[in-house]
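Notes for the one structure printed next.
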Amino acid sequence: MLRYLTGRLLRAVLTIFLVITFAFFVLHLSGDPAMMILSADAPPESVKAFRAAWGLDRPLWIQYLAYVWNALHGDLGNSMRDGRPAVQLVLERVPATLAITVPAFLLKLVIGIPAGIYAALHRNSAADRLTMMVSVAGFTVPSFVLALVLVLVFSVQLGWLPSAGSDRPTSAILPIVTLGIAGAAILARFTRSAMLEVLGQPYIRAASAKGLQWRTVVVRHALPNAAIPTTTIVGFMVGTLIAGAVVVESVFAWPGIGRLLVSSVSNRDLAVVQVILLLVAATMVTANIVVDVVYGWLDPRLRRGGARGR
Amino acid sequence: MTALLEVSNLARTYDVRRGRWPFARLATLHAVDGVSFELPAGRTLGLVGESGCGKTTTAKLVLGLLPASGGEVRVGGEALPAAHSPHWRALRRRMQMVYQDPLGALDRRLSVGRQVMEPLVIHGAGSTAERRDKALAMLDAVGLAQHHFDRFPHELSGGQRQRIVLARALILDPQLLVCDEPISALDVSIQAQVVNLLLALQQKLGLAYLFISHDLRMVRQVSHEVAVMYLGRIVEQGDPDRLFATPAHPYTQALVSAIPTHGRARKRRIVLPGEPPNPVDRPAGCAFHPRCPHAVERCRIETPALRLLADGRRAACHLAEQIA
Amino acid sequence: MDVKGGVRRFFEASPPLTLLALAWIAFMVIVAFGADFLAPYSFTALDLRARLHPPVFMGGKWAHALGSDELGRDVLSRLVMSIRLSLLIAFFGTMIAAAFGTAMGFVAAHFRGKVEAVILMLIDFQASMPFLIIALAVLAFFGNNLVLFVMLMGLNSWERYARIARGLTLSANEQGYAAAVRQLGASNLRVYGLHVLPNIASTLIVSMTITFPETILLESGLSFLGLGVQPPLTSLGNMVGYGREYLTRAPWIMLSPAAVIVLSTLSISIVGDWLRDRLDPTLR
């Protein structure tokens, strides 16, 4: 297990490094930032000054080494728009994003997993069909459409909730619900198929055949085994806590990372985009490692040795 | 006259890692290690041994599907060209292969006829009508009917599929056919039919077979000469009847004693201790000594060469004379 | 991962739904091809006397059957052109992904070793990052134009095809028809083009029915954010993004393209499940 984890950590570091390198080179292949930030007809001396100030006049490999060096020290450059450190700019937005993604995540778990289990245990019942219908919608309805429909109903027609902004506590409700419904639908479908898979296994039939109460069979045998595949999708959802709300934040004008990303992309504020890219990569990679650990803890086959080839 | 196929000192090694660490120590696996034999036109050489002993690797090396790490394969006196080179492709007309799993070796999406004609298309032989005629004749030669031409592999039985593979291999009129376990995936009742077909085709077409199998009785039935492999080397080679009647190498003895017999009282079966060692950890001296009931001190130190015995066969055992 | 098994199970009992889905897809294709004839007005034509007219079903006139927007542009005409562009982008995006991914899978399986390791690393990398973020970063770095945007859509799901192609090719090469045909002396072109590709085609086609709706959703999401298709061109996501400004006064601007997005992705998913049952039992 330890050896397995070390390998995973090595790969995680490699992934992050790859993202840094990718960001750097793409940044420099994409054209002259001086020309983008200043206008094309800026006087040559101010272009030169801009380049010197940002270190753009040095050879590429020195810029790269300097970039990696600074990145390792947590310095990823300043926003080319307002001159503040990009890292600071991004980290300021994290609480706002987490304020909607974490409750949405809990909502997904609280609705999705029980719904999936219930649907699997009452297969082909009306409740099962309803769950599946909703979850199909969760797969095919884009989040911005869902968001706008919710706004149309709860803000425009009923006038219960604010349609955008972050000035009132109730402002967070619609973003949370939008994110939560879509995620819960996916999670419900996943949990359901994991449960059905487990319930079809011979050991479940054996357990109920030897006279155990059905309730005991489900709680003792089916649920723990269905938890293993479900962990994967839940882990992936943890990984999207930072960046899973790009579209929803934009719809609701919520001042989180996603909205910052969209505005930085339209302004081509590359330093900020890079920081967000790195932050997302780091979150995803961490979530993957956590999933692996939880996997090892849930799956007794993995507990010793870690010889499973993945 | 040179033999159709001359194999001398053929070797194939693989670099393998010990363990899953990226910096783990590298080791060398000797899959095939110094194998030599000759196969004259129209004759059959049987290659036997346990799985993992290098039989299939030898087959692939002989066909040039794998590059050899050492040694040489000569076909009709010419050295084997590099795999997939134009010269190598042209050589396919002279040597072909028959597979263990005929369903796997056939394209499930193509009709039997198209597959049998495919070698002609690849090598640009004949017009469309000629190809069709030749394919139909070939189907007839392997005991299939004309109506099988438009069938698909999954509609046929295992024995029929192996006949298709044979027809496809033979349509280019090759001189050498490498048969890698050609019957072991078939039902026992079908095995004899396919073996008889192979023998009849050899009579008719003058084919040479390199016949690879772990089924000693089949090998004895079809082969003019037999070579026994253990851990990548030939340990005994010679006339099949003599080899199976009085095996000279202790490993052959063990193999022969395991052949089920009926009728008179069974000979004592020699049960070898342990598994064949991992080819990476090849024992020093004679590779067979840890499992050999006759091993002496010399076997632990000195690797025995394949040497000619008095009765004309070869064995790689220091004690061959005493044991036989 | 059995992400879409639920769709299958849910609709198993009702094949008429598959017919409906097929009919909708056919309708969309006809609309896309006949866009120039079907659009009653030019999609950029302004008519300032007919601003924010409601659609027929909300008490409007047949002159603007689906209503008109803030600038008096006909929603139906814009919708028709949007369907064409969105379908085109999704189609080419899916094709690029399938072609590129399959080629990468073949390359990995053919060369093995270091080449394969690099491709597998790229696959892992892509699978571990949300593609929306990668897409946004690329758009930030390279700016936006239609060609680049379509290429980007093509990068979305290449790793799925690469994985499938590599896996199936490896097993075909190992001890199977591909090795057998190569042994007959066939060229690589023949082995991959005439044997391997046709054999894995059904699996690839089923994968396309999964990635096609994904591409539509990605395109419309980016366009909705204003970072995808740029005006004066219009796509379904653009229309929804534009209509969001008029949600209170003119919800019809946003509702009809939103409905088209949902119906189309739903239909393709349904047809995909149906195809999977028919073509490819191994994907279940």
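Chains as they are written, first to last, in our numbering: chain W, 1 to 310; chain D, 1 to 324; chain G, 1 to 284.
A virtual CB, placed ideally from N, CA and C, is assigned to each residue, including glycine.
None of these values were measured; they are calculated from a predicted model.
Between residue i and residue j, what straight-line distance do the alpha-carbon atoms span, to the nearest angstrom?
{"i": "alanine 186 of chain G", "j": "histidine 87 of chain D", "result": "12 Å"}
{"i": "serine 166 of chain W", "j": "isoleucine 25 of chain G", "result": "40 Å"}
{"i": "phenylalanine 111 of chain G", "j": "isoleucine 164 of chain D", "result": "30 Å"}
{"i": "alanine 315 of chain D", "j": "leucine 306 of chain D", "result": "5 Å"}
{"i": "glycine 274 of chain D", "j": "valine 256 of chain D", "result": "18 Å"}
{"i": "proline 16 of chain G", "j": "leucine 22 of chain G", "result": "10 Å"}
{"i": "glutamine 202 of chain D", "j": "leucine 103 of chain D", "result": "24 Å"}
{"i": "arginine 51 of chain G", "j": "leucine 76 of chain G", "result": "14 Å"}
{"i": "leucine 130 of chain W", "j": "proline 229 of chain W", "result": "23 Å"}
{"i": "leucine 47 of chain D", "j": "valine 118 of chain G", "result": "39 Å"}
{"i": "valine 16 of chain D", "j": "asparagine 267 of chain W", "result": "52 Å"}
{"i": "valine 290 of chain W", "j": "valine 94 of chain W", "result": "20 Å"}
{"i": "glutamine 88 of chain W", "j": "aspartate 82 of chain W", "result": "12 Å"}
{"i": "glycine 211 of chain W", "j": "alanine 226 of chain W", "result": "21 Å"}
{"i": "histidine 147 of chain D", "j": "alanine 172 of chain G", "result": "28 Å"}
{"i": "arginine 304 of chain W", "j": "leucine 9 of chain W", "result": "Unreliable positioning characterises arginine 304 of chain W in this predicted model, as indicated by a pLDDT of 46, which lies under 50. A coordinate reading is not provided."}
{"i": "phenylalanine 57 of chain G", "j": "alanine 108 of chain G", "result": "55 Å"}
{"i": "cysteine 317 of chain D", "j": "alanine 222 of chain W", "result": "59 Å"}
{"i": "leucine 155 of chain G", "j": "alanine 97 of chain G", "result": "6 Å"}
{"i": "leucine 263 of chain G", "j": "methionine 28 of chain G", "result": "10 Å"}
{"i": "alanine 207 of chain G", "j": "threonine 286 of chain W", "result": "According to the sequence provided, residue 207 of chain G is serine. The question's alanine does not apply to it. Going from the Cα of serine 207 of chain G to the Cα of threonine 286 of chain W covers about 29 Å."}
What would DSSP say about residue i, mapped onto helix, strand or coil?
{"i": "cysteine 299 of chain D", "result": "helix"}
{"i": "phenylalanine 354 of chain D", "result": "Absent from the structure is residue 354 of chain D, since the part of chain D shown begins at 1 and ends at 324."}
{"i": "glutamate 321 of chain D", "result": "helix"}
{"i": "isoleucine 234 of chain D", "result": "strand"}
{"i": "tyrosine 99 of chain D", "result": "coil"}
{"i": "methionine 229 of chain D", "result": "strand"}
{"i": "tyrosine 242 of chain G", "result": "helix"}
{"i": "glutamate 275 of chain D", "result": "coil"}
{"i": "glycine 64 of chain D", "result": "coil"}
{"i": "glutamate 6 of chain D", "result": "strand"}
{"i": "serine 213 of chain D", "result": "strand"}
{"i": "threonine 56 of chain D", "result": "helix"}
{"i": "histidine 84 of chain D", "result": "coil"}
{"i": "proline 43 of chain W", "result": "coil"}
{"i": "aspartate 239 of chain D", "result": "coil"}
{"i": "tyrosine 67 of chain W", "result": "helix"}
{"i": "histidine 64 of chain G", "result": "helix"}
{"i": "glycine 49 of chain D", "result": "coil"}
{"i": "alanine 31 of chain D", "result": "strand"}
{"i": "valine 229 of chain G", "result": "coil"}
Look at residue i and residue j and say whether their C-beta atoms are less than 7 Å apart.
{"i": "serine 235 of chain G", "j": "serine 86 of chain G", "result": "yes"}
{"i": "leucine 227 of chain G", "j": "valine 294 of chain W", "result": "no"}
{"i": "histidine 294 of chain D", "j": "leucine 319 of chain D", "result": "yes"}
{"i": "isoleucine 212 of chain D", "j": "aspartate 180 of chain D", "result": "yes"}
{"i": "glutamine 162 of chain D", "j": "valine 194 of chain D", "result": "yes"}
{"i": "alanine 11 of chain D", "j": "glycine 70 of chain D", "result": "yes"}
{"i": "proline 130 of chain G", "j": "alanine 182 of chain W", "result": "no"}
{"i": "alanine 271 of chain W", "j": "glycine 258 of chain W", "result": "no"}
{"i": "leucine 266 of chain G", "j": "threonine 240 of chain W", "result": "no"}
{"i": "glycine 180 of chain W", "j": "leucine 107 of chain W", "result": "yes"}
{"i": "valine 7 of chain D", "j": "serine 36 of chain D", "result": "yes"}
Item to check | Proximal residues, the stretch 259-271 of chain G versus chain W, C-beta separation under 8 Å | outcome: If the cut-off is 8 Å between Cβ atoms, the stretch 259-271 of chain G has Ile261, Val262, Thr265, Leu266, Ser269 near chain W.
Next on the checklist: Along the stretch 192-211 of chain G, where does the CB come closer than 7 Å to a CB of chain D? Name the residues.
Outcome noted: For the stretch 192-211 of chain G, which is checked against every Cβ of chain D, the residues closer than 7 Å are His195, Pro198, Asn199.
Checklist entry - Where in the stretch 176-227 of chain G do unbroken runs of the alpha helix (DSSP H), each at least 4 residues long, occur, reported from the N-terminal end onward? => result The qualifying runs are 177-183, 197-224.
Checklist entry - Between the stretch 267-278 of chain W and chain G, which residues of the former have a C-beta closer than 7 Å to a C-beta of the latter? => result So the list reads Arg268, Leu270, Val273, Leu277, given in the order they occur along the chain.
Next on the checklist: For a minimum of 3 consecutive residues, which ranges assigned as the beta strand (DSSP E) are wholly contained in the stretch 246-278 of chain G?
Outcome noted: Counting only runs of 3 or more, we get nothing.
Checklist entry - Hey, which unbroken runs of the alpha helix (DSSP H) at 4 residues or more fall wholly within the stretch 106-171 of chain G? => result Secondary structure in the stretch 106-171 of chain G: the alpha helix (DSSP H) runs of 4 residues or longer, each lying completely within the stretch, are 113-128, 131-142, 146-155 in chain order.
Next on the checklist: Just to confirm the assignment: which complete alpha helix (DSSP H) runs, minimum length 4, are found wholly within the stretch 111-196 of chain W?
Outcome noted: Complete alpha helix (DSSP H) runs here, min 4: 126-140, 143-150.
Checklist entry - Of all the alpha helix (DSSP H) runs that stay within the bounds of the stretch 134-158 of chain D, which reach a length of 4 or more residues? => result Fully enclosed alpha helix (DSSP H) runs of 4 or longer: not present.
Next on the checklist: Using a Cβ-Cβ cutoff of 8 Å, what residues of the stretch 221-234 of chain G are near chain W? List them in chain order.
Outcome noted: Cβ contacts with chain W: Gly221, Phe224, Leu225, Gly226, Leu227.
Checklist entry - Along the stretch 93-115 of chain W, what residues have a CB closer than 7 Å to any CB found in chain G? => result For the stretch 93-115 of chain W, the set of residues with a beta-carbon nearer than 7 Å to any beta-carbon of chain G is empty.
Next on the checklist: So if I threshold CB-CB distances at 9 Å, which residues from the stretch 177-190 of chain G count as touching chain D?
Outcome noted: Within the stretch 177-190 of chain G, the residues whose Cβ lies closer than 9 Å to any Cβ of chain D are, in chain order, Tyr177, Ala178, Ala179, Ala180, Val181, Arg182, Gln183, Leu184, Gly185, Ala186, Ser187, Asn188, Arg190.
Item to check | Segments assigned alpha helix (DSSP H), at least 4 residues, entirely inside the stretch 236-285 of chain W | outcome: Within the stretch 236-285 of chain W, the complete alpha helix (DSSP H) segments at least 4 residues long are 246-251, 257-267, listed from N- to C-terminus.
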